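Note sheet for the following structure.
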Ligand code: PMP
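Residue numbers (the UniProt record's numbering): 53 to 479.
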């Protein structure tokens, strides 16, 4: 049994000693003391089904024994910086990771987070092309350092500091967007931005294939092929941010960009790559990677032996346990059940996403698509009380984000939908 500090003690200390910007879910936040696969446990031993842990990093399941074993073994053996000496952990993982990527994408740079990965990707694109302008999508989240906050395009995550050289294109959002699901129409806006907002030359285009923080927005079909072609004509590189949509989450594919049948020039990743361990990566071609030989470049802990040992174990678990196939089968089943819930509850405006990256958008009026901001909080709180933890996002905060560990099964899916159904019936 848990004998540590109570939830109230921890809350008080957070207020006193941690940044006031720290937020938590729920009126009465859960004190999570233990995790096991798709479950979390609070201080009283109460079990919760975790339908959001995937976003927070866990793809194989909380404390997956094989990943834990790899981390412990490496920690007992050596933990050190990546620079200066040889060690096989980093090369083993880089080789395994590169084998999961198409084409010439085989040079890996390791970082400690998604922000760092995107910062590096954008810098490399600027160096490689000699251009400064970058195009990203409205509603995107790419990180919170200088360049990545510039690429991020939601006012709630942006601070008023200088963010230069980024143009934000119209979001190809099939539910709220101007052109519905017509990806090519949205792509014209990128062409316009290049013509009217830049010198005609750009450094890069960066986007997620399915926006995570943005509320599980799957880019309209046909969008990325058209945009990649415009960007390349303008001399730019195409960056795929796979921080959320990568690592088998979409079920149908290992990487989100594959759902749009494109091959990027740079791919960035984090979160699920380490199953909870801080790890990020940038993968690119040997030609683009060359730019980092112009000066010295290093990252003290990016790719350290413990994190890369974890990363390799994660890839092995995904393969051994057929987690991509599971995401596909369980995700499709869950999506169908959520779609049937839409027939029953007027408040559900849209059900979307792929595999185990699903979104349920709540609106108080289906015609006007008025965000159901208060209602979503009520449903979320009730679901928590019934033992289901779910995420929330989107610009208006009215979209449920369902991104569980990839070991989520059919019974878990049924339980989640039944609980959501009940909570919605109490509105
Ligand atoms: N890209 C995407 C798509 C993300 O969702 C996030 C984090 N929410 C990041 C980048 C930044 O990652 P990190 O928080 O690890 O810096």
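Where a beta carbon is used, it is the ideal one built from N, C-alpha and C, also for glycine.
Please read these numbers as outputs of a predicted model, since none were measured by experiment.
Judged by DSSP secondary structure, residue 370 falls within the alpha helix (DSSP H) whose first and last residues are 357-372. In the structure shown, residue 162 falls within a strand segment according to DSSP collapsed to helix, strand and coil. Residue pairing by DSSP places residue 87 opposite 92 in a beta bridge.
Counting every other CB atom within 10 Å of its CB across the protein chains shown gives residue 182 a total below 16, marking it as exposed. Here the alpha carbons of residue 434 and residue 80 stand approximately 11 Å from one another. Here DSSP, grouped into helix, strand and coil, assigns residue 131 to coil.
Runs of beta strand (DSSP E) with 3 or more residues, each lying fully within the stretch 305-344, are found at 318-321, 332-336, listed in chain order. Judged by the Cβ position, residue 151 fails to qualify as a neighbour of the ligand PMP at the 7 Å threshold, every heavy atom of the ligand being at least this far. The distance from the Cβ of residue 180 to that of residue 340 is about 5 Å, consistent with a contact at the 8 Å cut-off. Between the C-alpha atoms of residue 468 and residue 76 there is a straight-line separation of about 21 Å.
Counting C-beta pairs closer than 8 Å gives three or more between the stretch 103-119 and the stretch 453-464, which meets the contact rule. Straight across, the Cα-Cα distance linking residue 123 with residue 133 is about 16 Å. By the Cβ criterion, the stretch 406-422 is in contact with the stretch 375-392, since at least three pairs of Cβ atoms, one from each stretch, lie closer than 8 Å. Looking from the CA of residue 312, the closest CA among 402, 326, 279 belongs to 279. Distances from the CA of residue 476 to each of 421, 334, 415 were compared; the closest alpha carbon is that of 415. Selection 438, 402, 439, 442 evaluated against residue 424 yields 402 as nearest (Cα-Cα).
Nearest C-alpha to residue 277 among 186, 238, 53, 375: 238.
Contact between the stretch 317-330 and the stretch 384-395 is absent: fewer than three C-beta pairs spanning the two stretches fall below 8 Å. Burial of residue 201 is indicated by the presence of at least 16 other C-beta atoms within 10 angstroms of its C-beta. Distances taken from the Cβ of residue 166 to the heavy atoms of the ligand PMP include one shorter than 7 Å. Annotation: residue 164 to residue 478 spans about 43 Å, alpha carbon to alpha carbon. In this structure, the C-beta of residue 260 approaches the ligand PMP to less than 7 Å from one of its heavy atoms.
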